[in-house]
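Participant:
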Amino acid sequence: VFICGIGGARKAETVVHLLEELRLDCPLPQDHLYVHNFSEPLCPQHLTLPTGGGALLAEAMERWVRTLSREIPELLESEQHLARRGKLFRRYRNAEAQLFRRFGTRLQAQGLDLVSLEQKGKSTRDIFFRIGDKPVPPQALEELPKSHRPSAKQKEKMFALREDALTALRVTQRKSRSLALRLLRESQAQDAEVVQEVVESLTLALAEELDADLLLDGWLGDCAMHAVNQPQLFLRGNVEEENEAIGLEV
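Residues -1 to 248 (my numbering) are what the sequence shown spells out, left to right.
Rendered as structure tokens:
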């Protein structure tokens, strides 16, 4: 504000008085915020809050993330939760082992063997021929002693059986992947069950602290659901990414 006039005219006091009157007559504008939209991430959600509410929300959400980044790892890394998770993983490992064990038994009845191979640091499965008591890869048939080498007609039949078995192996591997997906879903459900209570109670307290209206309350509920469904985001090392995921622009 620039003031010009003769000395002793109490210019400063007059201007302050005028500004006080203007402030009383002109209501301060509301805060306008754009927050993460969990249903449409490319379209930020618009919120309006009372004057100063944007800064309060930003500070409160920082506290919310900090608290969850402390509480959630303690819950997910507790001995009780790790024991439950270990039991779940063992159950699925046993189911997968039984799946391939049964498949291998069926192959042996056809003169074939299911073998596990390590290639470039990865474990793969293949089907070999069973000659005597040993599994023999297809490319090694010609290296067998003549007394053990199958005839051309026998080889034709053996290779046809192996092709059918390879098709059945792919089906069995798809079943194994389905088991892995079920394991992932059950494991995530266990994690969500463990963290749900602390997330919901903390978010409810935050909504009461901010005196949230329906829109803000709904957005806080979306934040809580995101935290329950993705608790690994709050594990050590992932907190900065989570801050960005639910960050605010005021």
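Glycine residues also receive a C-beta, built at the ideal position from the N, C-alpha and C atoms.
All values derive from a computational prediction rather than experimental measurement.
Return the CA-CA distance between V237 and L231, expressed in angstroms with no decimal places.
Facilitator: Numbered from its first residue, the sequence shown carries residue 237 at position 239. Numbered from its first residue, the sequence shown carries residue 231 at position 233. Low per-residue confidence applies at V237: pLDDT is 47, beneath 50, and the placement is therefore not dependable, though the value from the model is reported in the following sentence. Taking the straight line joining both Cα atoms gives about 6 Å.
Participant: Do the stretch 204 to 219 and the stretch 161 to 181 make contact, defined as three or more Cβ pairs closer than 8 Å?
Facilitator: Too few Cβ pairs lie closer than 8 Å, so no.
Participant: Along the chain, which unbroken stretches of the beta strand (DSSP E) at least 3 residues long are found entirely within the stretch 106 to 190?
Facilitator: 110 to 117, 120 to 129 and 132 to 134, all fully within the stretch 106 to 190.
Participant: What does DSSP give as the partner residue(s) for T46 in the beta ladder?
Facilitator: Indexing the sequence shown from 1 puts residue 46 at position 48. In DSSP, T46 forms a bridge with H30.
Participant: Compute the beta-carbon to beta-carbon distance between L110 and L159, rounded to the nearest angstrom, for a pair I have assumed lies under 8 Å.
Facilitator: Working through the sequence shown from its first residue, we reach residue 110 at position 112. Working through the sequence shown from its first residue, we reach residue 159 at position 161. With 8 Å as the limit, L110 and L159 qualify as a contact, their Cβ atoms being about 6 Å apart.
Participant: What first and last residue would you give for the alpha helix (DSSP H) that runs through N227?
Facilitator: One-based indexing of the sequence shown puts residue 227 at position 229. Looking at the DSSP string, the run of the alpha helix (DSSP H) that includes N227 is L212 to N227.
Participant: Assuming L16 contacts L31 (C-beta within less than 8 Å), just tell me the rounded distance between them.
Facilitator: Locating residue 16 in the sequence shown gives position 18, where the first residue counts as 1. Locating residue 31 in the sequence shown gives position 33, where the first residue counts as 1. Rounded, the Cβ-Cβ distance is 32 Å, inconsistent with contact.
Participant: Closest to V14 by CA distance: which of L26, P25 and I1 is it?
Facilitator: Mapped onto the sequence shown, residue 14 falls at position 16. Out of L26, P25 and I1, I1 has the C-alpha closest to the C-alpha of V14.
Participant: In the DSSP assignment, find the unbroken alpha helix (DSSP H) run with E75 in it and report its ends.
Facilitator: Position 77 of the sequence shown, counted from the start, is the residue given in the question as residue 75. Here E75 belongs to no alpha helix (DSSP H), and DSSP marks it neither H nor E.
Participant: Look at the alpha carbon of G50 and the alpha carbon of Q28, and state the distance between them as a whole number of angstroms.
Facilitator: The residue given as residue 50 occupies position 52 in the sequence shown. The residue given as residue 28 occupies position 30 in the sequence shown. Spanning the two alpha carbons is a distance of roughly 8 Å.
Participant: Counting Cβ pairs, one atom from each stretch, are 3 or more of them under 8 Å apart for the stretch 106 to 124 and the stretch 176 to 194?
Facilitator: The stretch 106 to 124, when compared against the stretch 176 to 194, does not touch it at the 8 Å Cβ threshold.
Participant: Can you give me the Cβ contacts of A163 inside the same chain, cut-off strictly under 8 Å, excluding the 5 residues immediately before and after it?
Facilitator: Residue mapping note: residue 163 aligns to position 165 of the sequence shown, counting from 1. For A163, where only same-chain residues beyond five positions count, the Cβ hits under 8 Å are L105, Q108, L110 and I125.
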